[in-house]
Amino acid sequence: MYPIVTIFGRPIGTYALSSVAGILLAGWYACWAARRRGVDDNEIIVLLLVSAVGILLGSHVLYALTNLPALLRYLSASANLSLGDWFRGLLPYVGGAVFYGGLLGGLAAGALYLRIRRLPFAAYADIAAPAIPLFHAFGRIGCFLGGCCYGIPWEGGITYTRALSPEANGVARFPVQLLESALLFALFFLLAALFRRGALRGKLLALYLAVYAVLRFLLEFLRGDAIRGVYFGLSTSQWISLAILLALGVAALARACARRRARASA
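Throughout the sequence shown, residue numbering follows our numbering, covering 1158 to 1423 in sequence.
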């Protein structure tokens, strides 16, 4: 594909361009949704910036954890390197990003900010829920153009020759990035429609997490990159998907039990 394009004589990564487009559109949508719900859109902008810090940290931390054995070997063998060489050698082990790490890091940072500001989590979560898959959909287009997060070999697929991941080159592969992008756009439109109608107030983020966890679990079977780690036959992202579904199920059960107790004591 086209991992690099030249604009005004400068090489720019297509993943970066796609991500910027996703950030701008997701930010615009979040501000529009905030005004529609009567929420200060300036507060939304600050929330998004704080969440972006969590996204950046979380995505790299989870990438490092998926490469932990190799990272530990490097750290034990690099004691005699200069500081500059040490950081350059460290980059392959911590420089990548894993979406789930960014998602969980961004949610944690956003929740902490809302708690400090004493703002209602549910109201802001409803606004953010459709914006997340909108941003992610553009990110996956960037993955397709850059040749990362590539799919399994498939005779009817697309053959990379200049992918950022050398392992992707020279093999016809299923365009799993585009399939995920299409599903994320569909999820955005579903959540945006529910938000516009005022349906499932306070539950849109949970709905997003549940639907995406199912989609991601299934899509992982079409992924051809094993760099993120495979444990007991399932990838890191599949285990995280299962953990998210379990956590959502436990939370729903706890709320149901609390409502039953409240009715019984009334």
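Don't be surprised by glycine CBs; every beta carbon is placed ideally from N, CA and C.
Around the Cβ of T1163, are there at least 16 other Cβ atoms within 10 angstroms (buried) or fewer (exposed)? Reading the sequence shown from its first residue, position 6 is the one you call residue 1163. It is exposed - the Cβ of T1163 has fewer than 16 other Cβ atoms within 10 Å.
Could you give the DSSP three-state label for Y1307: helix, strand or coil? Counting from one through the sequence shown, the residue named residue 1307 turns up at place 150. If DSSP states are grouped into helix, strand and coil, Y1307 belongs with coil.
For the putative contact between A1183 and L1291, defined by C-beta atoms under 8 angstroms, what is the C-beta separation to the nearest angstrom? What you label residue 1183 is simply residue 26 of the sequence shown in a count that begins at 1. What you label residue 1291 is simply residue 134 of the sequence shown in a count that begins at 1. The Cβ separation is near 5 angstroms, so the contact holds.
What residue from W1243, W1189, A1329 and K1360 has the CA that sits closest to Q1280's CA? Your numbering for residue 1280 matches position 123 in the sequence shown. The question names Gln, but residue 1280 in the sequence shown is Ala. The candidate whose alpha carbon is nearest that of A1280 is K1360.
Once you ignore the five residues that flank C1188 on each side, which residues in its own chain have a CB closer than 8 angstroms to its CB? In the sequence shown, counting from the first residue as 1, residue 1188 sits at position 31. The answer, listed in chain order, is D1198, I1201 and I1202.
Based on the DSSP output, what are the partners of N1237 in its beta bridges? Numbered from 1 along the sequence shown, position 80 holds the residue referred to as residue 1237. Residue pairing by DSSP leaves N1237 without any beta bridge partner.
Pull the bridge partners of N1326 from the DSSP assignment, please. One-based indexing of the sequence shown puts residue 1326 at position 169. Partner(s): Y1317.
Using the Cβ count rule (16 or more neighbours within 10 Å means buried), how would you classify A1190? Locating residue 1190 in the sequence shown gives position 33, counting from the first residue. A1190 should be labelled buried.
Taking C-alpha atoms, which residue in C1300, E1324 and P1310 lies nearest to L1335? Reading the sequence shown from its first residue, position 178 is the one you call residue 1335. Cα-wise, what sits closest to L1335 is C1300.
Between S1398 and F1295, is the Cβ-Cβ spacing less than 8 angstroms? The count along the sequence shown starts at 1 and reaches residue 1398 at position 241. The count along the sequence shown starts at 1 and reaches residue 1295 at position 138. Cβ distance not < 8 angstroms, so S1398 and F1295 don't count as in contact.
Figure out for me which residue from G1381, A1356 and A1408 has the closest Cα to the Cα of A1367. As a working mapping, residue 1367 is identified with position 210 in the sequence shown. For the residues G1381, A1356 and A1408, the minimum Cα distance to A1367 belongs to A1408.
Quick one: any contact between the region 1316–1331 and the region 1240–1252, if contact means 3 or more CB pairs under 8 angstroms? no
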